[in-house]
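In my numbering, the protein residues as written are 2 to 163.
Data first, discussion second: the structure below is written as structure tokens.
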Amino acid sequence: MIASRTIALLIAALATGIVLTPLRAQAQWWSRDPVDFEECADKAEKAATKEEKTAQLTECNAKFAGRRKPGGGYTYSDFMQNRSFDIAGPNPTPEEQKKIDEQYTAFLERERRSRIAAAFTAKQELLQQTSLTNEKVPLPVEAPTSRRRRARSDRTRRRAIA
Numbered sequence: 002m003i004a005s006r007t008i009a010l011l012i013a014a015l016a017t018g019i020v021l022t023p024l025r026a027q028a029q030w031w032s033r034d035p036v037d038f039e040e041c042a043d044k045a046e047k048a049a050t051k052e053e054k055t056a057q058l059t060e061c062n063a064k065f066a067g068r069r070k071p072g073g074g075y076t077y078s079d080f081m082q083n084r085s086f087d088i089a090g091p092n093p094t095p096e097e098q099k100k101i102d103e104q105y106t107a108f109l110e111r112e113r114r115s116r117i118a119a120a121f122t123a124k125q126e127l128l129q130q131t132s133l134t135n136e137k138v139p140l141p142v143e144a145p146t147s148r149r150r151r152a153r154s155d156r157t158r159r160r161a162i163a
């Protein structure tokens, strides 16, 4: 009777194990995920249809922020600042992201100051233009020598007529 209990327990444990195992085992060891954008894009190039290829490339862009550099390492292009940052892996680490954010804040501050300076300069130019148009410009005065010549020419005309 003890032997039958042991066998019954073994059969119950085996049945429980079979029931609790997933129906399909995931074989991750032979289908590894891409490690960076370039591998992901290469995998997407092999897609059957154009729609699948586009969808996979969009997924690659969302998954990996950095791009592989020719000499090794990765670069992150920040289109908002129109500049690139060297990063350690295919995605920025929290420290690298903090540095990028700090640089972006400084960039925005420089842009703000530049716009303020441009607006100030434009206002100064506008004030100068309006002050020039409001000024009364004196009319040119005839030089005294031209008056004498005109007077002489008038006398000579009178004599010639008389």
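Just so you know, even glycine gets a beta-carbon here, dropped at the ideal spot from N, CA and C.
Since we're looking at a predicted model, the values are computed, not measured.
- Per DSSP, reduced to three states, the secondary structure at T122 is helical.
- Under the DSSP assignment, D43 falls in the alpha helix (DSSP H) whose first and last residues are 38-46.
- With a contact defined as Cβ atoms closer than 8 Å, F65 and D37 qualify at about 6 Å.
- By the 16-neighbour rule on beta-carbons within 10 angstroms, I88 is buried.
- The DSSP assignment places complete beta strand (DSSP E) segments of no fewer than 3 residues inside the segment 47-109 at 75-79, 84-88, in order along the chain.
- Ranked by how close their Cα comes to the Cα of R69, the residues N92, E110, A107, A49 have N92 in first place.
- DSSP places R33 in the coil class of the three-state scheme, outside both helix and strand.
- The beta carbon of T94 sits closer than 8 Å to the beta carbons of I88 from its chain, once the five residues preceding and following it are set aside; these are given in chain order.
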